[in-house]
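Listed in order, the protein sequences are those of chains A and B. All residue numbers for the first sequence refer to our numbering, where the first residue is 1221 and numbers rise by one. All residue numbers for the second sequence refer to our numbering, where the first residue is 721 and numbers rise by one. Beta carbons are placed, not taken as given, at the ideal position from N, Cα and C, and that holds for glycine. Because the structure is a prediction, the values reported are computed rather than measured. Everything below concerns the one structure shown next.
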Amino acid sequence: MEKISRFVSLVMRGLFLRTDAYEEMREAQNPFVEGLFVILIVGVVIAVASIIGSTLEWATTPNLASIQAAIYDGITGMTWFQEVGQEIGPKFLDQFQSQWDWGWRWADTLVPTPLSSLANIVTTPLRLIVGWLIAGALSHLFARWMGGEATLSQTLGVTALAVAPQILHVAGLLPFVAVGAVVSTWSLICWYVAVKEAHQLSWGRSFWATVLPRLVLWFLILVVVSMVVALIFAVAPQIIPALGGS
Amino acid sequence: MAELLKSVRGAITLDIPTLIGFRDSKNVFRRGIMLLLLVALVVGLVGFLVDFIGGLVGPGIEQELADASAMFDSWWQFMPAESAEIREQFMGSMTAGLEIGRRIAALPTRIPRPLATLFEALGTWVSRPLAMLGGFLGYGIWVMLAAKLLGGKGRLQEFLGTAALSSVPYLLLVLEKLACIGPILNVVAWIWAAIIWVVATAVTHGWVTSHPSAEGEVARYEVSWGKPILAVVLPAVAVGVLALVAAAGLGSLVALIVGAAQA
């Protein structure tokens, strides 16, 4: 219990950019393990909040099937719909129906339910840990390149405190709350303070050691997405006729 | 509480000793953020009550349609007379859309409807401070960077904490729902906040010089305005230029695609 309250204090001090929290983490016996615990605690807390929030949202919204029926009745009752239906004939209605069903099948999978949100208890901490490890390792490389002297364990331990702003997702306990970009912006600020404190760098070097890993990651993502899109465009013309049976 | 009110008063009156005191206080970042969240919650309280009560009472589709129709008519008078048919079609679609909205709003929820309305209004209310904080931190990073490049000596925590005092003038937006003065209050709050941004930047980055009196106490402060103004304005200018470049690039791309398609 004492350990948990210490971690909570670290997270809160880290959130409000208190340098003593970052120093404490840097000087810890095993900063990597302590950082991992911090992320696990934050991940589990926000996952529980999201489960409660999703359940409340589910309870406050009407049944999806009845929303679908209300929209269907509304659209099919519109003058333009009936005019186009008469003009084009049954083909239009068939096409409309198939696209309508396809769209709602997608919507059905995207709408959160209490059951589907249970997976967050595993996926949220996992997502935070993977992101932390990748960004932390890259930050370490750049910080060392800039002249930093912290070990990898220290860099990871200290940057774990940059997940503290994720705690704002607890606001998701209330349905319909949009947390927005504040988490990523605040995390970036915490990350800068973490790198600065871990490696004792000047503001300029800390800035680059914070920004460059993100630029590299975005570039890599862009390359991968471009390759996937190019692959789809290259393969699709061969697959689509085959699917059509011609 | 007294300390908080003192800070609010000091921010509104651009009182430099108060801003310096705030900058040097323990947990300056936390205090600034808490003040900003409090301001946003107070401002949003009126909207929350309006949303909640409005959600319970509901203006009715006829009222919404009449409002939309009046707005549309004022705009339509500038259109040629032969577009009356388009107007009819538009109004027909809008009526049908509102009718769909009304039907969905009337559907039963799993918990009693008033409770669902309360949660919706609460969600909107709580989202506002978070959006405001996101915008503040996002802009703050760029002002900090500009200030540092201009030779500023402030620490990030002190700067962001002190600059959060710029949220205080937004208290004026408590009255933003008033149709006649709402937009004016918005402009006034925005200008006032921009001035506090400049003063906070000057105070935290070492662009304020104190002049002691014969007794050794600070008699007056002298602010060097050039660099703090530049630090606050530069990010906005940079965003504007980037937006223009992006829009021009996008426009050229669309023109190229259209040209290629026509060829």
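Cut-off 7 Å between Cβ atoms - residues of its own chain near residue i, not counting five sequence neighbours on either side
i, result
"N1340(A)", "A1267, S1270 and I1271"
"G1356(A)", "T1375, L1376 and T1379"
"S1426(A)", "Y1412, V1415 and K1416"
"T1296(A)", "none"
"V1431(A)", "none"
"V766(B)", "V894 and K897"
"L1388(A)", "V1399, V1402 and V1403"
"G1273(A)", "G1392, L1393, L1394 and P1395"
"R848(B)", "A760 and G764"
"G1234(A)", "A1241, Y1242, L1381, A1384 and C1410"
Buried versus exposed, by CB contacts within 10 Å (16 or more), residue i
i, result
"F772(B)", "buried"
"E942(B)", "exposed"
"R875(B)", "buried"
"E878(B)", "buried"
"R830(B)", "exposed"
"V1448(A)", "exposed"
"G854(B)", "buried"
"M864(B)", "buried"
"C1410(A)", "buried"
"S1407(A)", "buried"
"W1365(A)", "exposed"
"W1352(A)", "buried"
"M1221(A)", "exposed"
Beta-carbon contacts of residue i that lie in its chain and below 6 Å, excluding the five residues immediately before and after
i, result
"W927(B)", "S944, K947 and P948"
"M852(B)", "A760"
"M1232(A)", "none"
"V728(B)", "V888"
"S1466(A)", "In this prediction, S1466(A) has a pLDDT of 43, which is less than 50 and means its spatial position is unreliable; what the coordinates show is noted afterwards. Hits under 6 Å: none found."
Residue j beta carbon less than 8 Å from that of residue i
i, j, result
"L1421(A)", "A1429(A)", "yes"
"E1243(A)", "E1417(A)", "yes"
"L1276(A)", "P1395(A)", "yes"
"H931(B)", "G872(B)", "no"
"L893(B)", "V763(B)", "yes"
"P889(B)", "I736(B)", "no"
"A920(B)", "L885(B)", "yes"
"V846(B)", "A1391(A)", "yes"
"F839(B)", "T1333(A)", "no"
"V1258(A)", "L1381(A)", "yes"
"F1227(A)", "R750(B)", "no"
"Q1386(A)", "L1338(A)", "no"
"G1323(A)", "R823(B)", "no"
"R807(B)", "W795(B)", "no"
"S1373(A)", "P1251(A)", "yes"
"L857(B)", "T1405(A)", "yes"
"L827(B)", "L950(B)", "no"
"F768(B)", "A866(B)", "no"
"H739(B)", "G730(B)", "Position check: residue 739(B) holds Leu in this sequence, whereas His was assumed. Yes, Cβ-Cβ distance for L739(B) and G730(B) is below 8 Å."
"I916(B)", "L734(B)", "yes"
"G1424(A)", "T1344(A)", "no"
Within chain A, partners of residue i - CB distance below 9 Å
i, result
"K897(B)", "Neighbours of K897(B) on chain A: none; closest Cβ ~20 Å, over 9 Å."
"R830(B)", "W1278, A1279, T1280, T1281, P1282 and N1283"
"G812(B)", "M1298, T1299 and W1300"
"I861(B)", "T1405, L1408, I1409 and Y1412"
"E819(B)", "G1294 and G1297"
"L891(B)", "Going along chain A, no residue has its Cβ under 9 Å from L891(B), so there is no contact; the nearest lies around 20 Å."
Proximal chain B residues relative to residue i, where beta-carbon distance stays under 8 Å
i, result
"G1400(A)", "S847, L850, A851 and G854"
"F1396(A)", "F839, E840, L842, G843, T844 and S847"
"W1428(A)", "Near W1428(A) there are no residues of chain B at all, since even the closest Cβ is about 12 Å away, more than 8 Å."
"W1438(A)", "Within 8 Å Cβ-Cβ: nothing; W1438(A) doesn't reach chain B, min ~16 Å."
Proximal chain B residues relative to residue i, where beta-carbon distance stays under 7 Å
i, result
"T1333(A)", "Going along chain B, no residue has its Cβ under 7 Å from T1333(A), so there is no contact; the nearest lies around 11 Å."
"A1391(A)", "V846 and L850"
Residues near residue i by beta carbon distance below 8 Å, same chain, minus five either side
i, result
"L776(B)", "P834 and T837"
"V748(B)", "F742, Q877, E878, G881 and T882"
"V938(B)", "P737, S930, H931 and P932"
"V908(B)", "P889 and L892"
"V1304(A)", "F1312"
Residues that residue i contacts on chain A, provided the C-beta gap is smaller than 8 Å
i, result
"R823(B)", "A1290, D1293 and G1294"
"G858(B)", "A1401 and T1405"
"A836(B)", "A1279, T1280 and T1281"
Proximal residues of chain B, C-beta to C-beta of residue i below 9 Å
i, result
"L1388(A)", "L850 and L853"
Query raised in the report: Given a limit of 8 Å on CB to CB distance, which residues of the stretch 725 to 756 of chain B reach chain A?
Result: N747, F749, R750 and I753
**Report entry** Interfacial residues, the stretch 1287 to 1301 of chain A to chain B, with Cβ spacing under 8 Å
**Finding:** Of all residues in the stretch 1287 to 1301 of chain A, those with a C-beta nearer than 8 Å to a C-beta of chain B are I1287, A1290, I1291, D1293, G1294, I1295, G1297, M1298, T1299 and W1300, reading in chain order.
Query raised in the report: Taking any Cβ of chain B, which residues in the stretch 1349 to 1381 of chain A have a Cβ under 7 Å from it, in chain order?
Result: none
Query raised in the report: When Cβ atoms are compared, which residues of the stretch 858 to 887 of chain B fall closer than 8 Å to chain A?
Result: G858, I861, L865, K868, L876, Q877 and L880
Report task. May I ask you to list, following chain order, the residues of the stretch 1236 to 1251 of chain A that have a beta carbon less than 9 Å from some beta carbon of chain B? Result -> F1236, L1237, R1238 and T1239
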